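Numbering-wise, the sequence shown is residues 442 to 611 according to the numbering used here.
Positions of the beta carbon are idealized from the N, C-alpha and C atoms, including for glycine.
Here the structure is a predicted model, which means the values were calculated and not measured.
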Amino acid sequence: MPKKWVLINLTWVFLALSSCGWQLRDTLLLDNSIGAVHVSYSGSQSSLGIELKRALRANNVQLVGATESANYQIKIIDITQSRRIGALNTSVRPAQYQIYKTVDYMVLDKQGAQIIPMTSASAESTYNYNESDMLASENEENLLQNNLRAKIVRQIVRRLGEASYRQKGY
């Protein structure tokens, strides 16, 4: 009798998880017919450009080097990042920082028409600053900068998928 209830409860848990739309993080679903994509960025934006290409490859998108053979072109225009004090400690020194990253980009179709006009993708985060362990605080900031970049890449890929879906008239 107890095995039966365990089996029934597990069935309900799996049914609830599958019906609510739950999925693993970092799994973006792009239409397989999105075609070839060209990503253009300047040298100072290479870390974001490389991560964007990696995310597109992970979604089985063909990357091309020439804009003429691409169905879509993603142009990274500008990246800005900033850091500001979020909180002070009792000695009136920074205890917490807020970091921001914004990427301006546009997406063009094969004919050069803007399917996503220049828009921004942004992310922000906070971290506690420990002045007695500055190296750890610096490492935490670098790790969070990488996380912000990954969040922005997910936003760009998701918007590309939505735009290609709209353009095909679905």
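Item                                                                                           : Value
Test item: CB-CB of Y541 and G527 under 9 Å                                                    : no
Neighbour-count burial assignment, I449, 16 or more Cβ in a 10 Å radius                        : exposed
For N580, the three-state DSSP class (helix, strand or coil)                                   : helix
Helix, strand or coil at K647 according to DSSP, with G and I counted as helix                 : Outside the displayed range of the chain (442 to 611) lies residue 647, so it cannot be described from this structure.
Rounded separation between S510 and A562 - CA only                                             : 26 Å
The segment 552 to 571 / the segment 588 to 608 touching (three or more Cβ pairs under 8 Å)    : yes
E603 - partner residues in DSSP beta bridges                                                   : Partner(s): none; E603 has no beta bridge.
R524 CB to nearest heavy atom of the ligand MG below 8 Å                                       : This structure lacks the ligand MG; in fact it carries no ligand of any kind.
Reference P535; option with closest CA among M547, Y568 and L576                               : Y568
Through-space distance from S566 to S487, alpha-carbon basis                                   : 22 Å
Member of L549, L489, D519 and V447 whose CA lies at the smallest distance from the CA of Q586 : L489
Residue nearest to I520 in terms of C-alpha spacing, selected from G484, L549 and Q552         : G484
Minimum C-alpha distance to L497 - residue among H479, D550 and Q608                           : H479
Sub-9 Å separation of I597 and L493 beta-carbons                                               : yes
CA-to-CA distance, N571 to A577, given in whole angstroms                                      : 8 Å
Coil, strand or helix - A507 by DSSP                                                           : coil
C-alpha distance - I475 paired with V594, whole-angstrom precision                             : 17 Å
Reduced DSSP secondary structure (H/G/I, E/B, other) of V502                                   : coil
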